[in-house]
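Residue numbers (our numbering): 4 to 226. Below you'll find the structure, written out as structure tokens, and then a few comments.
What follows is the structure in structure tokens.
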């Protein structure tokens, strides 16, 4: 297909596609003449992947490049792939500035992970971000400890198991691409569903239906 066809099928402007080609986020097409080339389905898939990561997950191009490199690396383990996608999502530097509040939160998160029985590398980006969240909540006067997060962790483990079940034991490049996409976009979906559920419960509250702590609607009381 020509670049105009690639643009039409992907929804990406021709100028954007040319930019991705210059930045080598997309592989070059097959030359057919001076300044002309044709593109295949693999270009379309890669373009759709880039657009999803940038427009839905809001990753910057540097992070997208890291994810694409991980997908293309035939020696990349599943754990390594998830580490790359997590770092792309959380945008953490190799060294995170520490404060007394953050150190306390990191120690609490480490203990929380131990209690959950989860096996994690010491520099897991998500654990670092969780500690940052706890420290920030406390600084802002929002009392929150890891005990409050236990229901989140229980749901998260079930969701992660559901996601991981889609990944074959021996996975090829297409499987790595699918795993990376799910890792990033299902995180967006999970956050969207939580917000949708919260809005549903807010509407129930506004309609006079008290809501219990576990999300169930309680019978209305009073006259």
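Beta carbons are placed, not taken as given, at the ideal position from N, Cα and C, and that holds for glycine.
In the displayed model, residue 33 falls within a strand according to three-state DSSP.
Considering only 169, 208, 204 and 184, the residue with the shortest C-alpha distance to residue 60 is 184. Between the region 13-26 and the region 135-151 there are fewer than three C-beta pairs closer than 8 Å, too few to call the two in contact. In this structure, the CA atom of residue 181 is about 21 Å from the CA atom of residue 128. Minimum Cα-Cα distance from residue 160 among the listed residues 176, 122 and 148 corresponds to 122. In the assembly as shown, residue 158 is an exposed residue. Its beta-carbon has fewer than 16 other beta-carbons within 10 Å. Inter-residue distance for residue 114 and residue 137 is about 14 Å (C-alpha atoms, whole angstroms). A contact is defined here as three or more CB-CB pairs under 8 Å, and the region 31-45 fails this definition with respect to the region 82-90.
Taking a 10 Å sphere around the C-beta of residue 88, we find 16 or more other C-beta atoms and assign the residue as buried.
Taking 8 Å as the upper bound for CB-CB distance, residue 51 and residue 91 are not in contact here, some 17 Å apart. When secondary structure is reduced to three states using DSSP, residue 206 falls in the helix class.
Proximity to residue 57 across 200, 205 and 191 peaks at 191, based on C-alpha coordinates.
When the Cα atoms are used, residue 102 and residue 11 turn out to be separated by approximately 50 Å.
The alpha-carbon of residue 204 is positioned some 47 Å away from that of residue 30.
According to DSSP, residue pairing for residue 40 in a beta bridge involves 34. Here the C-alpha atom of residue 188 lies approximately 18 Å from the C-alpha atom of residue 132. Taking 8 Å as the upper bound for CB-CB distance, residue 28 and residue 68 are in contact here, some 6 Å apart. Annotated as distal: residue 198 and residue 74, with beta-carbon spacing of 7 Å or more. Within its own chain, the residues whose Cβ lies closer than 8 Å to the Cβ of residue 112, once the five positions on either side in sequence are excluded, are 130, 133, 134, 137 and 149, listed in chain order.
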